[in-house]
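Asks:
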Amino acid sequence: MEPQPATSQHASESNHVTDNPRVERVRRALAGRGYAGEIRVFETATRTAAQAAQACGCEIGAIANSLVFRCDDRPLLILTSGAHRVDVRYVQRQLGSGKLHRADAAFVLEHTGQVIGGVAPLGHIERIPTILDMDLSQYPEIWAAAGHPNTVFRTNYDYLLSVTQATAMAVAQE
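The sequence shown begins at 36 in the numbering used here and counts up one residue at a time.
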């Protein structure tokens, strides 16, 4: 099932979302990295992995959640499968340094230029070190937010790993 763009009755809302500077920054970042797909706009927000999976018609695990953490007061982006939660202690041990804490909305906006629920893997206002959940590699198609809670784009694991310059890592213990 393909994600459905906003209907014509919501065309002005759709235009407002697609013209959003946060979405435009993601669009430019994607285009600059060879992305030929499109950013999809939904009528309602897809702030959670479950909402995004339903809207995209995919398994919840194929949703790349963009979660921002504080690591010694610096941002760290973890792109994790929607099928599980980040095990903070486990990731912290693998990093070997720094205390990891979930960032609040103000910190996320300050460092990404995007709001929680719409944080994309790229197109941030500053370069953020990124970890890519190795569990996402099992999905041939992955969906990620595109800078606004009503937007997503389709991608794959190798592309995300490349364009984010992420470190591949297990982020949850089985």
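For glycine and all other residues, C-beta sits at the position ideal for the given N, C-alpha and C.
Being a predicted model, the structure only gives us computed values, none of them experimental.
Can you tell me where the beta strand (DSSP E) with Leu-114 in it begins and where it stops?
Replies: Its beta strand (DSSP E) spans residues 109-116.
Asks: Applying the criterion that 16 or more other CB atoms from any shown protein chain within 10 Å of the CB defines a buried residue, is Asp-193 buried or exposed?
Replies: exposed
Asks: Ignoring anything shorter than 4 residues, give me the alpha helix (DSSP H) runs that lie fully in the segment 132-169, in order along the chain.
Replies: 140-147
Asks: Do you know how far the Cα of Cys-93 is from the Cα of Thr-83?
Replies: 13 Å
Asks: Since Thr-186 is in the alpha helix (DSSP H), which residue starts that stretch and which ends it?
Replies: Note, Thr-186: premise wrong, no alpha helix (DSSP H); beta strand (DSSP E) at 186-190.
Asks: Thinking Pro-110 and Ile-163 are a contact (beta carbons under 8 Å), I'd like their distance in whole angstroms, please.
Replies: 5 Å
Asks: Buried or exposed: where does Ile-98 fall if 16 or more other Cβ atoms within 10 Å of its Cβ makes it buried?
Replies: buried
Asks: Residue range of the beta strand (DSSP E) that Val-76 falls in?
Replies: 74-76
Asks: Identify, in the order they occur along the chain, each residue of the same chain with its Cβ nearer than 6 Å to the Cβ of Ala-140, setting aside the five sequence neighbours on each side.
Replies: Ile-151
Asks: Return the CA-CA distance between Phe-188 and Leu-144, expressed in angstroms with no decimal places.
Replies: Straight through space, the alpha carbons of Leu-144 and Phe-188 are spaced by roughly 20 Å.
Asks: Please list, in chain order, all residues of the same chain as Asn-191 whose beta carbon is under 7 Å from its beta carbon, the five residues on each side excluded.
Replies: Pro-175, Glu-176 and Ile-177
Asks: Apart from the five residues just before and just after Gln-127, which ones in its own chain have a Cβ nearer than 8 Å to its Cβ?
Replies: Apart from sequence neighbours up to five positions away, the residues of its chain that approach Gln-127 with a beta-carbon distance below 8 Å are Gly-133, Lys-134 and Leu-135, ordered along the chain.
Asks: Classify Ser-47 as buried or exposed, calling it buried when 16 or more other Cβ atoms lie within 10 Å of its own Cβ.
Replies: In this prediction, Ser-47 has a pLDDT of 40, which is less than 50 and means its spatial position is unreliable; what the coordinates show is noted afterwards. Exposed is the call here.
Asks: For Val-206, which of helix, strand or coil comes out of DSSP?
Replies: Coil, per DSSP.
Asks: Could you check if Arg-60 is buried or exposed, using at least 16 other CB atoms within 10 Å of its CB as the buried criterion?
Replies: buried
Asks: Looking at His-183 and Gly-148, is the spacing between their C-beta atoms short of 7 Å?
Replies: no
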